[in-house]
Amino acid sequence: MCGIVGYIGKRESRGIVLDGLSSLEYRGYDSAGIALIEGGDGTLIKQVGQVKGLIKKVNKTKPKGNLAIGHTRWATHGAPSILNAHPHTNKDETIYVVHNGIIENYTEIKTKLISKGYVFISDTDTEVIPHLIDYYWKNLGDFDKAFYKALKDLTGAYAIAAISTHAKNTIYAARLSSPLVIGVGTDEYILASDPTAIMPHTKKVIFLEDYDVAKISKNNCYIHNLKKTKEGIQEPELLDYDNNVVLLGDYPNFMLKEINEAPATIKTATTGRVLSSQNLIKLGGLENVEQQLKYIDRIVIVACGTSYYAGLVGEYLIEEIAGIPVEVQLASEFKYRDEPFSRSTAIIAISQSGETADTIAALKKVESYGVLRLGVVNAVGSTIARMTDAGVYCHAGPEQAVASTKAFIAQVTVLNLIALLLSNGRTKQFKPLLMELEALPEKAKTVLESAEAIKKVALKYKDYKDFLFIGRHIAYPVALEGALKLKEISYIHAEGYAAGEMKHGPLAMIDDKFPTFAIATSNHLLEKTYSNIEEIKARKGPVLAIANNSNKDINKLVDDVLYIPETLEQTKPILEAIVMQLFAYYIAEAKGYNVDRPRNLAKSVTVE
Ligand code: F6R
0 MCGIVGYIGK RESRGIVLDG LSSLEYRGYD SAGIALIEGG DGTLIKQVGQ
50 VKGLIKKVNK TKPKGNLAIG HTRWATHGAP SILNAHPHTN KDETIYVVHN
100 GIIENYTEIK TKLISKGYVF ISDTDTEVIP HLIDYYWKNL GDFDKAFYKA
150 LKDLTGAYAI AAISTHAKNT IYAARLSSPL VIGVGTDEYI LASDPTAIMP
200 HTKKVIFLED YDVAKISKNN CYIHNLKKTK EGIQEPELLD YDNNVVLLGD
250 YPNFMLKEIN EAPATIKTAT TGRVLSSQNL IKLGGLENVE QQLKYIDRIV
300 IVACGTSYYA GLVGEYLIEE IAGIPVEVQL ASEFKYRDEP FSRSTAIIAI
350 SQSGETADTI AALKKVESYG VLRLGVVNAV GSTIARMTDA GVYCHAGPEQ
400 AVASTKAFIA QVTVLNLIAL LLSNGRTKQF KPLLMELEAL PEKAKTVLES
450 AEAIKKVALK YKDYKDFLFI GRHIAYPVAL EGALKLKEIS YIHAEGYAAG
500 EMKHGPLAMI DDKFPTFAIA TSNHLLEKTY SNIEEIKARK GPVLAIANNS
550 NKDINKLVDD VLYIPETLEQ TKPILEAIVM QLFAYYIAEA KGYNVDRPRN
600 LAKSVTVE
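The sequence shown begins at 0 in numbering that gives the first Met the number 0 and counts up one residue at a time.
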């Protein structure tokens, strides 16, 4: 949530920081700002709205400087406004600060500073930071010491970047529970809250750890940890990525691009891992915990949002393929629960960003329990990837649209792999599922080729105000995910339900204005789903269904059908999800909404 970019080096910083902010805009887009230092003077420019508004404003004066920090905001404390936008500064405008996270004790600090004559002009928690640094600077006359002293007073979560006319050749950065990455170039450094902003410049990166404080000059990056003995220059690691993944190419937006990446996503998640000719599943990320995995008799999956729904799919997969009991919990609930745990339990945290605050907190909660902590994470090098004992990367590449699409596809694919690995080959589904996973990219392509048919149906249903999504068994979480996709980008009220629950309440809502999206792909429960559809039709509810190619009978039962190729029960959620993603996409597009940046939301929820 919120994006930070900083630059120091030989190049003009303005364009680099603004481009970086544009690429991080999915993390927040209420307002944006930039501060630059040139010679001994600082320039601060802020604007409400998207980064393009800021770019326009900056381009009027084209301020110069080889040192700058910028921010794109998702409002937590205080409405989107110029005063609340970052960077924040002190009265003399000599210190500029951008911040992600929440300063929990800001009221206390603010009261103390007000008593010393400081005046606050914003509603944000962040504004205390430049004033606090200013206070210590005036008392100590040393900017390094002032920055450190200020940090020590802060409690909460933060990724902070600060620049000052008192230290005009340095960017100061600090991290606690909110990500910060430093890109290492030749005589230049790019600082960002997410590697996406760094990718166009360098593959060499340093991920800051909690309590790290970095002092970055043009040709030196000195890192000191406030809690550990770590101090000095740190060797960068190499990020392996294809730069094209962060570019739109011919697509009108990232959501459509990312939905269309489904076949490649499945392929990348399975390549080198699914070896059907050898009847083998190979997950390098779990090799170091191979022995421990043998003793696992309970798995708790923790995640939020779409990742949580992928986890629910995983519950069916792991229980039915590997025979291990699984429980899936919302990370935001899990972290406050007091439940008994045995050491033979494994936690699996699922997260696209690897930075979701609740999921991190869930993992932290079990830190001292001695349980195995595994990750199914997309963002390489992210906090969750680093804090787990082992894990399997999704390798879906950066996901930039706020609504998660390809990450869900990758997560369900990876959960299939984990289920297969945990089964130790003891299931008769082993070989068929390995083969199906290899065939799946082509089938996902077929679903994408039916985009026009999906669009036609979407346009027919776009003006309804409510929607119900139903499914049974492994399709139930897919129905939940379908409802989430529709509501978050088209703002249509949508609920996901287990089809078997209809008579227990939701049926009361059904009339000719309340359509249902039924997942009716063939399985042992299809007849039961048909009964639910009949009950809805009897109450005049319009029904649109997803069915298998072979199931032409369903035509007589429902108003519209969207077909997917035949596949195994375990891989159906992947193909069904693509249909639902496109359905939500075309409705939102027809309504003229910004599909990549839905209102009130931001990618990567790094605050509670
Ligand atoms: C929905 C969506 C969110 C995320 C959730 C978890 O489309 O994107 O619900 O799935 O915020 O995020 P990660 O997976 O990054 O932990």
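Here a beta-carbon is modelled for each residue, glycine too, at the ideal position from N, C-alpha and C.
Practice item. Grab me the residues of Lys-571's own chain with a C-beta within less than 6 Å of its C-beta, minus the 5 sequence neighbours each way, in chain order. Key: In chain order, Thr-520 place their CB closer than 6 Å to the CB of Lys-571, counting only its own chain and leaving out the 5 sequence neighbours on each side.
Review point. So, Ala-443 versus Ile-573, is the Cβ gap smaller than 8 Å?
Key: Their beta carbons are under 8 Å apart, which means Ala-443 touches Ile-573 by this criterion.
Point to revise | Val-456 Cβ short of 7 Å to the ligand F6R heavy atom set | key: No, the Cβ of Val-456 stays beyond 7 Å of every heavy atom of the ligand F6R.
Exercise for review: Throw me the rounded Cβ distance for the Ile-469 and Ala-517 pair, which I believe falls under 8 Å.
Suggested key: Yes, Ile-469 and Ala-517 are in contact; Cβ-Cβ is about 5 Å, under 8 Å.
Check your understanding: Excluding five sequence neighbours on each side, which residues of the same chain lie with their C-beta closer than 6 Å to the C-beta of Tyr-463?
Key -> Counting only Cβ-Cβ distances below 6 Å, and skipping sequence neighbours, we find Pro-514.
Check your understanding: So what's Asn-550 in DSSP terms, helix, strand or just coil?
Key -> Reduced to three states, the DSSP call for Asn-550 is coil.
Review point. Do the stretch 452-466 and the stretch 434-442 meet, that is, are 3 or more Cβ pairs less than 8 Å apart?
Key: Look at the beta carbons and you see the stretch 452-466 not touching the stretch 434-442: under three pairs across the two are nearer than 8 Å.
Review point. Hey, would you say the C-beta of Leu-506 is under 7 Å away from at least one heavy atom of the ligand F6R?
Key: Placement of the Cβ of Leu-506 at a distance of 7 Å or more from every heavy atom of the ligand F6R is found.
Point to revise | Proximal residues to Ala-601 (C-beta, below 8 Å), its chain only, five neighbours per side dropped | key: Counting only residues of its own chain and dropping the five nearest sequence neighbours on each side, Ala-601 has a CB closer than 8 Å to the CB of Met-0, Cys-1, Tyr-25, Arg-26, Gly-27, Tyr-28, Trp-73, Val-401.
Check your understanding: Shortest alpha-carbon distance to Ala-261 belongs to which of Glu-575, Leu-316, Lys-51, Asp-152?
Key -> For the set Glu-575, Leu-316, Lys-51, Asp-152, the Cα lying nearest the Cα of Ala-261 is the one of Glu-575.
Exercise for review: Within the same chain, show all residues whose beta-carbon is closer than 8 Å to that of Pro-324, passing over the 5 residues directly before and after it, in chain order.
Suggested key: Asp-296, Arg-297, Ile-298, Glu-318, listed in sequence order.
Check your understanding: If we ignore side chains and look at the alpha-carbon of each, how far apart do Leu-20 and Val-47 end up?
Key -> C-alpha separation (whole angstroms): 14 Å.
Practice item. Take Thr-358 and list the residues in its own chain whose beta-carbon comes closer than 8 Å to its own, dropping the five residues that flank it on each side. Key: These residues qualify, in order along the chain: Val-301, Ala-302, Cys-303, Ser-306, Ala-330, Ala-348, Ile-349, Ser-350, Ile-383.
Review point. Helix, strand or coil for His-130 per DSSP?
Key: His-130: helix per DSSP, three-state reduction.
Review point. Over what stretch of residues does the alpha helix (DSSP H) that includes Ile-453 continue unbroken?
Key: 450-460 is the span of the alpha helix (DSSP H), which, as asked, contains Ile-453.
Review point. How about Thr-445: is its C-beta nearer than 8 Å to some C-beta of chain B?
Key: Included in the structure is just one protein chain, with no chain B present.
Review point. Taking DSSP as the reference, what is the three-state secondary structure of His-394?
Key: The DSSP-derived three-state label of His-394 is coil.
Point to revise | Three-state class that DSSP yields for Gly-271 in the structure shown | key: It is coil, neither helix nor strand.
**Study point:** Distance, Gln-328 Cα to Leu-373 Cα
**Key:** Each residue's alpha carbon lies about 15 Å from the other.
Review point. Whose C-beta lies closer than 8 Å to the C-beta of Asp-511 among residues of the same chain, with five residues either side of it excluded?
Key: So the list reads Lys-539, Gly-540, Pro-541, once near-sequence residues are dropped.
Check your understanding: Any idea if Ser-118 is buried or exposed, counting beta-carbon neighbours within 10 angstroms, 16 or more meaning buried?
Key -> For the record, residue 118 in the displayed sequence is Val; it is not Ser. Val-118 should be labelled exposed.
Exercise for review: Indicate the three-state DSSP secondary structure (helix, strand or coil) for Ile-491 in the structure shown.
Suggested key: Residue state, collapsed to three classes: coil.
**Study point:** Ile-81 vs Lys-51 beta-carbon contact at 8 Å
**Key:** Contact: no.
Review point. If you draw a straight line from the C-alpha of Leu-485 to the C-alpha of Leu-35, how long is it?
Key: Annotation: Leu-485 to Leu-35 spans about 41 Å, alpha carbon to alpha carbon.
Review point. For the ligand F6R, is there a heavy atom less than 7 Å away from the beta-carbon of Cys-393?
Key: No.
Point to revise | Opening and closing residue of the alpha helix (DSSP H) in which Gly-310 lies | key: That run of the alpha helix (DSSP H) goes 304-316.
Exercise for review: Evaluate Asn-110 with the Cβ neighbour count: other Cβ atoms within 10 Å of its Cβ, from every protein chain shown; 16 or more gives buried, anything less gives exposed.
Suggested key: Residue identity check: residue 110 is Thr in the sequence provided, not Asn. Counting every other CB atom within 10 Å of its CB across the protein chains shown gives Thr-110 a total below 16, marking it as exposed.
Practice item. Inspect the beta-carbon positions of His-165 and Pro-129 and report whether they are closer than 8 Å. Key: Contact flag unset, no.
Check your understanding: How is Tyr-585 classed by DSSP in three states: helix, strand or coil?
Key -> Helix, per DSSP.
Check your understanding: Leaving out five residues before and five after Val-16 in sequence, what residues of the same chain have Cβ atoms less than 6 Å from its Cβ?
Key -> In its chain, beyond the 5 residues on either side, Val-4, Tyr-6, Ile-33, Ala-67, Gly-69 have a beta carbon closer than 6 Å to the beta carbon of Val-16.
Review point. In chain order, what residues of the same chain lie with their CB nearer than 6 Å to the CB of Thr-426, ignoring the 5 residues before and after it?
Key: Excluding sequence neighbours, Thr-426 sits near Ile-320.
Exercise for review: Note the first and the last residue of the continuous beta strand (DSSP E) segment covering Ala-172.
Suggested key: Looking at the DSSP string, the run of the beta strand (DSSP E) that includes Ala-172 is 166-175.
Practice item. Quick one: residues in its chain with C-beta nearer than 7 Å to the C-beta of Glu-92, no 5 flanking neighbours on either side, listed in chain order? Key: Taking Glu-92 as the centre and dropping the five residues before and after it, the same chain places the C-beta of Gly-41, Leu-43 closer than 7 Å to its C-beta, in chain order.
Check your understanding: Since Ser-22 contacts Thr-605 with CB under 8 Å, what's their CB separation in whole angstroms?
Key -> With 8 Å as the limit, Ser-22 and Thr-605 do not qualify as a contact, their Cβ atoms being about 17 Å apart.
Exercise for review: Taking 5 Å as the limit, tell me which residues put their C-beta closer than that to any heavy atom of the ligand F6R, in chain order.
Suggested key: In chain order, the qualifying residues are Cys-303, Gly-304, Thr-305, Ser-306, Ser-350, Gln-351, Ser-352, Thr-355, Ala-402, Ser-403, Val-604.
Check your understanding: Applying the criterion that 16 or more other CB atoms from any shown protein chain within 10 Å of the CB defines a buried residue, is Gln-277 buried or exposed?
Key -> Classification for Gln-277: exposed.
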